[in-house]
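Step one of this worksheet: look at the structure below.
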Amino acid sequence: MRDYVKHISLIAFVIASLTGCSVEKEIPETTTSTYIPLEISLGLQRTMCYGSCPSFAFEVLNDGQAFLTVGQFTEEVIGRHLDEGDYKCTISVIEINKITTYAEANGYFKLNDRYDDKRVMDLPVVISTINGKTVFNRYNGPDLDELYSKIEELISKANWIAEPETQK
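Note that this note's numbering gives residue 2 to position 11 of the sequence shown, counting from 1, and the numbers run on in steps of one.
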């Protein structure tokens, strides 16, 4: 009798296991997604030169998260002293939109992607990014100084928090 109960229990267990595996759960479809991928809304990078050119890299994501890597000679451009290293903060999306609107109104999205000459290496590069459009501007490029100034003013007003492990 014990063997009979063991066999019945084993058969019941196997049937329950197989039946449980064949059940499909219906997953409701969502009609709208609230996920917005993070991307760079605004960026500005200045590279070093053979002199005292400021060097830094700034980018702000479409949710307002901003990141700044400070290199050398940035005090005049950024408007205050920040030690070399990495910083982060949050910038108002409204402020970002003011700059992107200015850029669009002034033809930024119609510019070439690259203004350069391979033979010219001793000039600094200014790389700007606005809503996915990047312009590499080293040689014979458009005058984007007003745009750069607006971005640098935004950088200077931000409340940067240092990433301690990167400070020199």
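C-beta atoms are modelled at their ideal positions from N, C-alpha and C, and glycine is treated no differently.
Cβ shell of residue i (< 6 Å), same chain only, five flanking positions each side left out
i: residue 116; result: 38, 129
i: residue 146; result: 49, 69
i: residue 143; result: 68
i: residue 119; result: 35, 126
Cβ shell of residue i (< 8 Å), same chain only, five flanking positions each side left out
i: residue 149; result: 57, 59, 80, 82
i: residue 13; result: The predicted model places residue 13 with a pLDDT of 46, which falls under 50 and marks its position as unreliable, so this point remains unresolved.
i: residue 112; result: none
i: residue 160; result: Any property of residue 160 remains undetermined from this structure, which presents the chain solely from -8 to 159.
Residues bridged to residue i [DSSP beta-bridge criterion]
i: residue 50; result: 34, 58
i: residue 148; result: None; residue 148 has no bridge partner.
i: residue 153; result: 78
i: residue 110; result: The partner list for residue 110 (beta bridge, DSSP) is empty, contrary to what the question assumes.
i: residue 105; result: 127
CA nearest to the CA of residue i, picked from the options
i: residue 45; options: 109, 68, 51; result: 68
i: residue 42; options: 49, 63, 30, 76; result: 63
i: residue 34; options: 40, 48, 112; result: 48
i: residue 28; options: 36, 40, 53; result: 53
i: residue 105; options: 92, 131, 87; result: 131
i: residue 151; options: 75, 40, 119, 103; result: 75
i: residue 93; options: 140, 66, 30, 155; result: 140
i: residue 124; options: 108, 103, 73; result: 103
i: residue 78; options: 71, 61, 65, 98; result: 61
Residue range of the unbroken beta strand (DSSP E) whose run includes residue i
i: residue 128; result: 124 to 128
i: residue 117; result: 117 to 121
Beta-carbon proximity list for residue i, same chain, < 7 Å, skipping 5 on both sides
i: residue 196; result: No answer is possible for residue 196: it lies beyond the span of the chain, which begins at -8 and ends at 159.
i: residue 32; result: 51, 52, 53, 87, 91, 122
Range of the contiguous alpha helix (DSSP H) that encloses residue i
i: residue 92; result: 84 to 96
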